[in-house]
Amino acid sequence: MSVHTDTLLDVEDLHVYFRTDTGENVRAVDGVSFQVQPGKTTAIVGESGSGKTVTSEAITQLFPSPPGYIPEGSVTLDGQDLTEISDDEMRSVRGGKISHIFQNPQGALNPVYTVGWQIREAVMLHQDVSKTEANERAVELMTQVGIPEASTRLDDYPHEFSGGQKQRVIIAMALACEPDLLIADEPTTALDVTIQAQILNLLKELQEERDMAMLFITHDLGVVAEVADRVVVMYAGKVMERGPVMDVFQTPAHPYTRALLECLPGEGGLGGIPGQLPEPTDPPDGCRFADRCPHAVEMCTEGGQPDLYDVRNTEAHTASCVHFAPTMDPGVVLDGSERVATDGRGRTSTDAGQPSDDEEAEHR
Amino acid sequence: MSRESSDQSAADPADSSTAAADGGVADARFEDVDWDRIDSVNRGRSLKSRIWLTIVSIWATAFGGTLFVRYVMGDSILSERLGPLQDALDPTVVEAIPLLSLNDGWVSFPVVGVVELHNWLWWITLAGFVYYGALPLYENPRMTRYYWRRFRKNKAAVISGLFLVVIFLIGFVGSRVTSQPEPEAGLDGIPPVGISTESYNVGPAGQKVADCAGGVCTGTWEYPFGTTTSGEDIFLGVIHGMEISMMVGLTATAASLVIAAGIALVSVYYGGWIDEIAFRWVDIQLTFPAFFLYLLLVYSIGGSMFILILIFGFIEWGGGARLMRSEALQRREEPYITASKAAGANPLWTMRKHLLPNISNTIITYASLSIPSIILAEAALSFLGLGDPTMVSWGQLIADGRDNLANLWWISTIPGIFLFLTVLSFNFLGDALRDAIDPRHEGAE
Amino acid sequence: MKWYIAKRLVWSVFAALIILTIGFVLMDVVPDQGLQQVEFQAQTEGQSGDQAVQAYEERRGLDEPLIDRYTSFVTGFVQGDWGWSYEYQQPVTEVITDTLPYSMMYGVPSIIISTIIGMAIGLYSAVNQYTKTDYAATFFSFFGVSIPNWWFGIILLVIFGSFLGWVDLDFSHRVAETADGDLTWLGTADSSHPAFIGENFEGERQIGILSPTNLKQLILPTFVSMTAGIAAMMRYARAEALEYVDAEFVKTAKSKGVSNWRIVVRHILRPAAVPLSTILVGRFLGLFLTGSYLIEVVFGIPGLGLASYEAIINQDQNLVLVTLLVPTFLVLVSNLAQDIAYVVLDPRISYGDRT
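So the sequence lines, in the order shown, correspond to chains G, E and X.
Numbered according to numbering that gives the first Met the number 0, the first sequence spans residues 0 to 363.
Numbered according to numbering that gives the first Met the number 0, the second sequence spans residues 0 to 444.
Numbered according to numbering that gives the first Met the number 0, the third sequence spans residues 0 to 354.
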């Protein structure tokens, strides 16, 4: 585990289940741990259905309950366990210390209120200010997120804004109370390609200005390379691999991560990953990825999900794969596709922090 | 990707209509194909639909005949206006048709005897239900199992369904093996079995039937639900009422479905002024509170069971047509309709084979709402004394007990319980059906 | 927006005209009771029935051409000349003004209470979907929608009237009136008041609409018409709110730290209120009119519904037509009002031309 003193959010062994009509549990999130450092960005990556969105919503308990509930695990923000606090305390955390941005800006604003009203609401819920002050703050926020003529647009309704502008409004709303952590759940997926980059840049700028931590949920590894400091790779409600973004891109350890990277258009493979996600109500024994894994051995289908073993003895980079257990030879996984990994590394290692423009284009 | 798949679905219906017929000619070149043969195969109908068509045509002929005799030759407002025509037609004309005879102004059939007008509708409704409802379910066991699995999750609906089947069977069989309850002097006011009442409530003949001692009479099994103020057997009345409620609810709904689907499909297919006029009319019709329109119409043209069913059918269709229209409008834009048109299918074929099946969910949804509301409306009209006076229905029985609630409370109570449970069951069942066929209504899973 | 409202207005007037025409046709088809009476009377007195009929037709203008009768009917109806009631032996307009207050006595409280309660339960169960409370509320709504409220009224009368003896089986409309037969809110009367016939007591008792005796007899009818109202209202409110409960913007509001109550009232109810009001008022009103019709018959309340029922039973044609057409016009007007409210309330409807 990384240095605890420098942790803003610590998610530990988090489980989120949804109870169905028939009394079964859908294990959307099944024992997930990761940390977010102040001022840094952690990205959760995974395909749809991997539980990444539920994980992000579980932090401030936004998922519908019932049927959803947290059977075990803890979410610690600044030493306070968010799974244990009262509803009132949770409300002051939401929007105050932790803000959310959702995937679909079209539906995320209430159609019958002006955007000014909605930003004002966010301000006034957490700060004891007058309506005029809140209004000024709203104009200021809208200007910061790059909406021209903010003071006149304040009285417009959401349908009078374009998709990208709506997302800017939502970001303004999320920043209203200077949160410590911004959770962005696929904030660019529903937007046009040209707008995506603008929004990503805006988020990065705002993060730097405010020294705000960010939890970034995405299925797009290209985006991860751009924004994240650390990566958590999720599959079927479990963490497969996590570590600093450079390490994970340079030495993708878990076969799932490697498969994901190979799926990137720039990496030659367009074949996708054969097979499908396991049944969430009754997951198989052993590693969740075992039946789609090219390196699966007999012990992969026994017991629970493997522990997160250190990759190449760096504590910060771990993978939940038996081949990385102390007694095993990680070369089985790493060798098999070394060439591809080297190809990927060739570019990601040199400029993972700020990828070149043509690579950006390639990734989309 | 999406484009590709829509192209596929567009090609599908056209494929399937020829695929069945072209047999081994798939690889043949255009000019080698015996198109005449394929056409003749395509025009031919399956044995099942032949049987169905035969039944429907026999039915339509007999129904038309009955209608003609009843309203053109028989006593009615219409017959006055059709005087000259009526004179030209002698009852002997009907008698001249082999096997038919006139009986009290009605056409009488061999073996079955007189079949009243509402019964024609009832039988064709049941036949239609079997043909379009039960038969497809029987022929597609996989689909049936799928729906059943979704449906049975809802316990209340399963119980409701069973209850309705029982009510239907008892009513349908019961009202054929028993005769309608008849008023009988002196048999009035007998309490249900095990219930006691002061003996002055019970008629002189009833006191011999009931268990009377010391000024108190207790009901016996001879009249399990007791008798009305005119000495009718409530138990028999409840059984006959079961069939009436079922008949009115199902038949009127079926009639309104046919009208609604027809009008909605034609409007959607042709659009333009047909659509405009039809649905402006629906707007006006829906402005009337339905119950008031029933009252007004029953008041002005009378309330025989046949007329009652027609009134319900002709008034209920508006809401259904609106629902189906909006659904069909969406479907019309889909490529398979264009494909069907492009393939040269005539409008009737396109509407029946492509539009209709695709709005069937809406039809079921609508029917499930319509049946209970019609049953309630019929009961209410009968309660007000505007139902068919010749048939004993639940509403009528409830009305009978209203004037003496203080003493003969069971007369209104017992049939009402059946009415309530039947309507409740239809509502539960309809809700579950909507959930089972329309995933959009389903909760988080 | 103005253009839209104008279009709706023109359409409503047109629809009203068509409804009137239907009314006229039906009235023309149905045998005229007055005419039959005249004919019968003439025949029993040994006079020529045909002559009497002719005289009657002349007197009532029935011998005029159809088109003239139609125009005079429509103008008469529009001007409020709704004809003569044979049953009540007074103009139909007077019958309406006499009976309407009795319908309102239980109808108005019932509509208000059921709207509030129904809306509250519906919203609550939508927000707490899949909880026990939600299931209980849904079950209740099935119950309320399925139970024929006229039969429910009878059952309550059996229980509270026959068995428990808490309420009278017969409704006394005299209680709300002064000794002269005028309605009054609250007053006192001695034993000579017609409501107290057969009772001997000293001093005075309270009478009037708000008197305890009157309120007591209104409890059951109000309650019965409320059950159906609550159930219907609740179903609509729940379904409508559910559309929004899972909406993205509700999640946004939650993530901003908005309290549950505020989410319901400000974020769900407000957008849901628009479609709710449109679906609702019309059907709701229809339901109430239908409901009240039978409720008045069951409880014997001398309101509009009972008057209409008596008119049907006694073939009092003018009264039948008016009591059936007036509610229809009410619905027409309320539909119009809804549509206009829809445009005014929902910013999404009108693009650009909002002023």
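Glycine included, each C-beta is placed from N, C-alpha and C at the ideal position.
What separation, rounded to the nearest whole angstrom, lies between the Cα atoms of residue i and residue j?
{"i": "I267 of chain X", "j": "V257 of chain X", "result": "12 Å"}
{"i": "I293 of chain X", "j": "G112 of chain E", "result": "Sequence inspection shows Leu at residue 293 of chain X; the Ile mentioned does not correspond to that position. Between L293 of chain X and G112 of chain E, the C-alpha separation is close to 39 Å."}
{"i": "S113 of chain X", "j": "G228 of chain X", "result": "6 Å"}
{"i": "L235 of chain E", "j": "D402 of chain E", "result": "21 Å"}
{"i": "D232 of chain E", "j": "I238 of chain E", "result": "10 Å"}
{"i": "I43 of chain G", "j": "V231 of chain G", "result": "5 Å"}
{"i": "F150 of chain E", "j": "W409 of chain E", "result": "36 Å"}
{"i": "E275 of chain E", "j": "S266 of chain E", "result": "8 Å"}
{"i": "W260 of chain X", "j": "G330 of chain G", "result": "57 Å"}
{"i": "V157 of chain E", "j": "G48 of chain G", "result": "33 Å"}
Using a Cβ-Cβ cut-off of 8 Å, state whether residue i counts as contacting chain X.
{"i": "T143 of chain E", "result": "no"}
{"i": "P438 of chain E", "result": "Caution applies to P438 of chain E, whose pLDDT of 48 falls short of 50 and renders its modelled position unreliable; the value that the coordinates give is listed next. Closer than 8 Å: no."}
{"i": "A379 of chain E", "result": "yes"}
{"i": "S98 of chain G", "result": "yes"}
{"i": "V267 of chain E", "result": "no"}
{"i": "N134 of chain G", "result": "no"}
{"i": "T19 of chain G", "result": "no"}
{"i": "G23 of chain E", "result": "Model confidence at G23 of chain E stands at a pLDDT of 43, short of 50, so the residue's coordinates are unreliable and nothing is read from them."}
{"i": "F397 of chain E", "result": "Per the sequence presented here, residue 397 of chain E reads as Ile, with Phe not at that position. So yes, I397 of chain E belongs to the interface."}
{"i": "R90 of chain G", "result": "yes"}
{"i": "I465 of chain E", "result": "Residue 465 of chain E cannot be examined here, being either before or after the span of chain E that is shown, 0 to 444."}
{"i": "G22 of chain G", "result": "no"}
{"i": "T151 of chain G", "result": "no"}
When the distance is taken between beta carbons, is residue j closer than 8 Å to residue i?
{"i": "I358 of chain E", "j": "M245 of chain E", "result": "no"}
{"i": "N355 of chain X", "j": "G82 of chain X", "result": "There is no way to answer for residue 355 of chain X, as the model of chain X reaches only from 0 to 354."}
{"i": "I18 of chain X", "j": "T286 of chain E", "result": "yes"}
{"i": "F288 of chain G", "j": "Y308 of chain G", "result": "no"}
{"i": "F425 of chain E", "j": "P371 of chain E", "result": "yes"}
{"i": "I308 of chain E", "j": "A259 of chain E", "result": "no"}
{"i": "G95 of chain G", "j": "P178 of chain G", "result": "yes"}
{"i": "I21 of chain X", "j": "V321 of chain X", "result": "no"}
{"i": "G106 of chain X", "j": "S291 of chain X", "result": "yes"}
Could one say the Cβ of residue i lies closer than 8 Å to chain G's Cβ atoms, at least one of them?
{"i": "R269 of chain X", "result": "yes"}
{"i": "F138 of chain X", "result": "no"}
{"i": "T251 of chain X", "result": "yes"}
{"i": "F362 of chain X", "result": "The structure shown does not extend to residue 362 of chain X, since chain X is modelled only from 0 through 354, so no value can be given for it."}
{"i": "T130 of chain X", "result": "yes"}
{"i": "S254 of chain X", "result": "yes"}
Among the options, which one has its Cα closest to the Cα of residue i?
{"i": "T52 of chain G", "options": "G:G162, G:T82, G:V31, G:V192", "result": "G:V31"}
{"i": "A254 of chain E", "options": "E:S325, E:L161, E:Q395, E:A366", "result": "E:A366"}
{"i": "C286 of chain G", "options": "G:C262, G:V321, G:L263", "result": "G:V321"}
{"i": "L375 of chain E", "options": "E:S174, E:G240, E:D430", "result": "E:G240"}
{"i": "Y16 of chain G", "options": "G:A27, G:G22, G:D9, G:T6", "result": "G:A27"}
{"i": "R229 of chain G", "options": "G:R18, G:R93, G:P65, G:A315", "result": "G:A315"}
{"i": "S73 of chain G", "options": "G:L13, G:D20, G:T113", "result": "G:L13"}
{"i": "L76 of chain G", "options": "G:E208, G:A258, G:V144, G:E11", "result": "G:E11"}
{"i": "G242 of chain G", "options": "G:A235, G:G236, G:H253", "result": "G:H253"}
{"i": "Q60 of chain G", "options": "X:D338, X:T74, X:S254, X:I208", "result": "X:S254"}
{"i": "A57 of chain G", "options": "G:Q36, G:M89, G:G163, G:I170", "result": "G:M89"}
{"i": "A183 of chain G", "options": "X:T251, X:G202, X:H172, X:Q205", "result": "X:T251"}
If we cut at 8 Å on Cβ distances, does residue i have a partner in chain E?
{"i": "N334 of chain X", "result": "yes"}
{"i": "Y101 of chain X", "result": "no"}
{"i": "Y87 of chain X", "result": "no"}
{"i": "P64 of chain X", "result": "no"}
Jot down the residue ranges of each uninterrupted beta strand (DSSP E) in the region 138–206 of chain G, minimum 3 residues, whole runs only, in chain order.
-> 180–184
Unbroken stretches of the beta strand (DSSP E), 3 residues or longer, contained in the region 74–148 of chain G | 97–100
Which runs of the alpha helix (DSSP H) spanning at least 4 residues fall entirely within the region 280–328 of chain E, listed in chain order?
-> 289–300
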